[in-house]
Amino acid sequence: MEIAQEAEAVLVAISEQLEEVRSITSTARARFRKASGLLHEDIHGASTVAADALAVVPALNVRDREDTAAAARLVASVFSEKPVLPGAIDAAMDLVACVTGPLQRVRGLLSTMSDNHDRVRNLFLDCIRQLGIGDDDERREAWRIQWSKVILQGLAVDTRVIDAISEAGDAGRVHRLYEMDSPHRGQRMKEAWKLEGIVRTAIQELDAALVAVGHMHDAIASEIHVINAAAAPPP
């Protein structure tokens with residue numbers, strides 16, 4: 005039937021939009037990953053240099069433990085003042101700042117897809133009405149299950165994307181807070197640690213979003229199959 009074909013065409017268009025959602029989300033995740041790598045290198049590099057310096061301190065005066073301990077504290081203080089890679093935090097934050105716009109684009113796509121999916125429901129109901137398929141028919145129930153799955157997975161994607169956007173905002177606020185504070189020893193390292201934790205959480209949110217995208221894709225394919233089966237002439 006023409007109505008069933010129209011419903012299928014709408015679902016195919018939704019699938020194409022879903023691929024754009026997948027692409028944008030994957031790119032945002034890659035940016036978060038790169039930012040995390042910069043922050044990790046910054047933290048790891050500073051820790052390594054401090055550890056190497058501390059390793060040679062005892063050799064300076066092995067007989068005077070107090071002098072050795074004082075020297076060790078001095079070295080640790082010096083190396084905890086700021087990261088070894090002074091531009092790493094700023095570079096990481098530039099990457100994080102780039103994800104918000106694209107992820108908002110994802111939310112816009114999801115909203116459009118939801119509206120189009122409501123249209124599929126109306127088309128299918130018109131289709132089965134013309135075919136004389138009743139409310140208790142198993143074909144209608146099979147469609148309802150897949151239609152609901154698409155909705156639920158779309159909501160899951162949107163929720164995870166919202167959370168990732170929120171994490172990006174939190175990272176920006178933390179960065180601005182540390183920039184406004186009077187610099188003192190250890191502040192930059194603390195900032196790097198906090199930012200890395202926030203970025204890791206954002207990556208986890210987008211990982212979950214991509215899983216939901218996969219489930220949504222499968223549910224759309226199943227919905228197309230159910231609609232075509234319902235509209236097919238009896239054997």
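If you want this note's numbering, it's the position in the sequence shown, counting the first as 1, plus 4. No residue lacks a Cβ here, since even glycine has one placed at the ideal position from N, Cα and C.
Legend entry - Other residues of its chain near W151: CB distance less than 7 Å, five sequence neighbours each side excluded: R125 and E227
Inset, instruction - Kindly give me the distance between the Cβ atoms of D167 and E209, rounded to whole angstroms, as I take these residues to be in contact under 8 Å. - result: 4 Å
Inset, instruction - Closer than 6 Å by C-beta to A216: which residues in its own chain qualify, once you throw out the five before and the five after it? Chain order, please. - result: Q157, A160 and V161
Inset, instruction - Report all residues from its chain with a CB closer than 7 Å to the CB of E24; omit the five preceding and five following residues, and keep chain order. - result: L113
Inset, instruction - Measuring only between beta-carbons, confirm whether L15 sits less than 9 Å from chain D. - result: Judged by its chain identifiers, the structure shown contains no chain D, having just a single protein chain.
Inset, instruction - Pick helix, strand or coil for A233, following the three-state DSSP scheme. - result: helix
Inset, instruction - Report the three-state DSSP secondary structure of L58 (helix, strand or coil). - result: Reliability of the predicted coordinates at L58 is poor, the pLDDT of 48 falling under 50, and the value obtained from them is presented with this limitation in mind. Looking at L58 - three-state DSSP - the assignment turns out to be helix.
Inset, instruction - Could you tell me the distance, in whole angstroms, from the CA atom of L22 to the CA atom of F36? - result: 21 Å
Inset, instruction - Check C131 in the structure and name its three-state DSSP category. - result: helix
Legend entry - Segment limits, alpha helix (DSSP H) that includes D98: A92 to A101
Inset, instruction - Kindly list the residues whose CB is nearer than 8 Å to the CB of D141, restricted to its own chain and excluding five residues on each side of it in sequence; keep chain order. - result: I132
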